[in-house]
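Numbering (full-length UniProt numbering), first residue to last: 1 to 242.
Where is the CB? At the ideal position from N, CA and C, for every residue including glycine.
On a predicted model such as this, the values are computed, not experimentally measured, just so you know.
So the structure is just underneath, and the comments pick up after that.
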């Protein structure tokens with residue numbers, strides 16, 4: 001019981017610290033995603049359902065992997081809501097800080113004068129979401145993908161790359177990666193590109209934060225090693241860096 005109490009206190013302390021960040025993205029409500037509903041079953045990534053606001057029809061529309069793929073095939077890009085944009089962003093965090101709003105699928109890079117670059121992101125599926133305060137421990141161009149032991153154990157497709165998959169256009173990390181650390185220890189989570197650009201705006205990953213490849217290249221060029229990263233997500237399965 002004592003351990004449970006300490007764990008609860010730790011989580012409440014984290015949430016209090018994160019809520020003090022005070023995020024106000026310009027017109028964020030207009031493009032914000034609605035709440036997520038997850039279907040049960042092993043094919044969770046194919047059963048994710050959410051809604052996205054369509055500024056053309058001024059209506060909320062269903063948005064799931066199948067619809068996302070179809071949209072990308074037709075338009076060659078993600079919906080306008082998830083395209084890179086400079087927005088108003090009031091926060092006490094200093095420029096260069098990354099703030100991730102996992103529920104709304106946005107990553108903000110804080111700029112001077114209460115502005116930020118906002119990027120659309122894909123985040124962890126049910127049971128793989130996390131929240132916390134970490135830092136960029138290192139950066140890599142065309143990174144090698146080495147699936148963690150837990151992924152190798154549960155995913156036969158990942159097992160063939162247990163010793164690492166060289167960087168390249170077929171690598172799931174895409175052209176750039178920011179490695180997230182808890183102090184000096186690798187958290188195993190990354191901010192990276194993707195071979196599935198249609199997945200931006202969905203909860204389909206194993207916990208990493210994915211961006212379109214053009215966006216991760218842009219973010220990579222702006223972010224310094226050591227940058228603070230704040231990850232916000234309601235109902236997160238894990239709390240890191242606290």
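Straight-line measurement puts the Cα of residue 89 at about 28 Å from the Cα of residue 140. Between the alpha carbons of residue 162 and residue 176 lies a gap of roughly 20 Å. Here DSSP, grouped into helix, strand and coil, assigns residue 199 to helix.
Inclusion of residue 209 and residue 100 in the CB contact set at 8 Å is warranted, their separation being smaller than that value. Here DSSP, grouped into helix, strand and coil, assigns residue 114 to coil. For residue 217, the enclosing alpha helix (DSSP H) covers residues 213 to 222. Inter-residue distance for residue 182 and residue 132 is about 10 Å (C-alpha atoms, whole angstroms). Cβ neighbours of residue 168 within its own chain (closer than 7 Å, five residues either side excluded): 142.
Taking a cut-off of 8 Å for Cβ pairs, the segment 116 to 126 and the segment 189 to 201 touch, as three or more such pairs fall below it. Secondary structure within the segment 146 to 204: the beta strand (DSSP E) runs of 3 or more consecutive residues, fully enclosed, are 176 to 182, 185 to 192 (chain order). The straight-line gap separating the alpha-carbon atoms of residue 138 and residue 74 is approximately 36 Å. With a threshold of 16 other beta carbon atoms within 10 Å, residue 222 falls short and is exposed. From the listed residues 57, 112, 97, the smallest Cα separation to residue 225 is found for 97.
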